[in-house]
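**Q** Take this structure first; my questions come after.
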Amino acid sequence: MDQDAPHLQRLQLLAGPRGMDKLKKAAVAVIGLGGVGSHAVEALARSGVGRLVLVDMDRIEISNINRQLPALTSTIGKYKTEAIARRIHEIDPSIQVSEFACRFEPASSEEILSPDLDYVIDAIDSLPDKIHLIVSCLEKGIPVVSSMGMANRLDPSMIRIGDIKETHVCPVARIVRKELRSRGIDSGIKVVYSIEKPVKPWEDKQGSLGSIIYLPGIAGYLLASFIIEGITRAG
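Residue numbers (our numbering): 87 to 321.
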């Protein structure tokens, strides 16, 4: 067992020394640190990924507390990148963390999507930015795994992971498929999605979407599991 990382000994029983070494050398960007992205980061940090790139322009609000890991009464008003970076440091100080407290868009994408990244997690809400991220990763040859819509749903057993061409029911996935097809992309993008028909909120709160912690949480852990498996089994 690696005596320098005793907190990872239980994981090493599953991944083995070679797998743990691959995780330590890996670099993963998580773009969008809300309900899905914050849980994905947590799983990656607790699994020994050596470098994490955090991207989100938002500050923590009180409405985030019901589903986002860094959201506490003590962190309201802080940038999500800052709060999550601090949390990662407390989990494992050896992890290298890069923070981008900005929107992912064409103007910022070149700096964020560095060639040394092994994987990218897309947990962006904005559909134009989501499409730009997926297409940019394809163009740069960086493996990307994307989250579709998790709001207005209640049934965790309906969450799936598969190719974008396999998605159905999900309104977000429908738009993403259409936009990618217009760019000549029909498949080859791994996504997490739900086959549950979105639930109609019982009260209209100016367009706000309903959410409960376990839906985006499960989606985030599925995204992380896909990456961890890909890293440890590569080569």
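Just so you know, even glycine gets a beta-carbon here, dropped at the ideal spot from N, CA and C.
These numbers come from a predicted model, not from an experiment.
Where do the N-terminal and C-terminal ends of the alpha helix (DSSP H) with Ala-169 fall, by residue?
**A** Note, Ala-169: alpha helix (DSSP H), 166-177.
**Q** Roughly how many angstroms separate the alpha carbons of Asn-150 and Pro-229, rounded to a whole number?
**A** Looking at the two C-alpha atoms, the distance is approximately 29 Å.
**Q** Cβ atoms of Ile-117 and Asp-144: under 9 Å apart, would you say?
**A** It is not a contact, given that the beta carbons lie outside the stated cut-off.
**Q** Whole angstroms is fine: what's the gap from Ile-181's alpha carbon to Gly-270's?
**A** Each residue's alpha carbon lies about 38 Å from the other.
**Q** How would you label Val-285, buried or exposed, when you count the other beta carbons within 10 angstroms and need 16 or more for buried?
**A** Exposed.
**Q** Tell me which residue opens and which closes the beta strand (DSSP E) that Arg-96 is part of.
**A** Here Arg-96 belongs to no beta strand (DSSP E); instead the alpha helix (DSSP H) covers 95-111.
**Q** Determine the burial state of Arg-96: buried for a count of at least 16 other Cβ atoms within 10 Å of its Cβ, exposed for fewer.
**A** It is exposed - the Cβ of Arg-96 has fewer than 16 other Cβ atoms within 10 Å.
**Q** I'd like to check one pair, Val-278 with Val-332: are the Cβ atoms closer than 9 Å?
**A** Residue 332 lies beyond the stretch modelled for the chain, which goes from 87 to 321, so this question has no answer here.
**Q** From the DSSP output, in three-state form, read off Val-139 for me.
**A** Val-139: strand per DSSP, three-state reduction.
**Q** Leaving out five residues on either side along the sequence, give the residues of the same chain with a beta carbon under 6 Å from the beta carbon of Val-135.
**A** Leu-109, Ala-112, Val-114, listed in sequence order.
**Q** Measuring from the CB of Ala-157, is there a heavy atom of the ligand COA at a distance below 8 Å?
**A** Ligands displayed in this structure: none; no statement on the ligand COA is therefore possible.
**Q** Kindly indicate which three-state DSSP category Phe-190 falls into: helix, strand or coil?
**A** The answer is coil: DSSP assigns Phe-190 none of H, G, I, E or B.
**Q** Verify whether the separation of the beta carbon atoms of Val-255 and Ile-217 is less than 9 Å.
**A** Not closer than 9 Å, so no.
**Q** Around the C-beta of Thr-167, are 16 or more other C-beta atoms found within 10 angstroms, so that it is buried, or is it exposed?
**A** Label assigned to Thr-167: buried.
**Q** Quick one: what does DSSP say Val-122 is sitting in, helix, strand or coil?
**A** Reduced to three states, the DSSP call for Val-122 is helix.
**Q** Assess contact between the region 201-216 and the region 155-164, defined as three or more Cβ pairs (one per stretch) separated by less than 8 Å. Is contact present?
**A** Not touching, per the Cβ criterion.
**Q** Since Lys-276 and Asp-241 should fall inside the 8 Å C-beta cutoff, what is the C-beta to C-beta distance between them, to a whole number of angstroms?
**A** Actually they do not touch by this definition, with Cβ atoms about 22 Å apart.
**Q** Hey, quick one: how far does the beta strand (DSSP E) through Ser-232 stretch, first residue to last?
**A** 230-233 is the span of the beta strand (DSSP E), which, as asked, contains Ser-232.
**Q** Alpha carbon to alpha carbon, how far is Ala-237 from Phe-190? Give it in angstroms, no decimals.
**A** Each residue's alpha carbon lies about 21 Å from the other.
**Q** Could you round the C-beta distance between Ser-294 and Asn-152 to whole angstroms and report it? I think they count as a contact, below 8 Å.
**A** 12 Å between Cβ atoms; not a contact.
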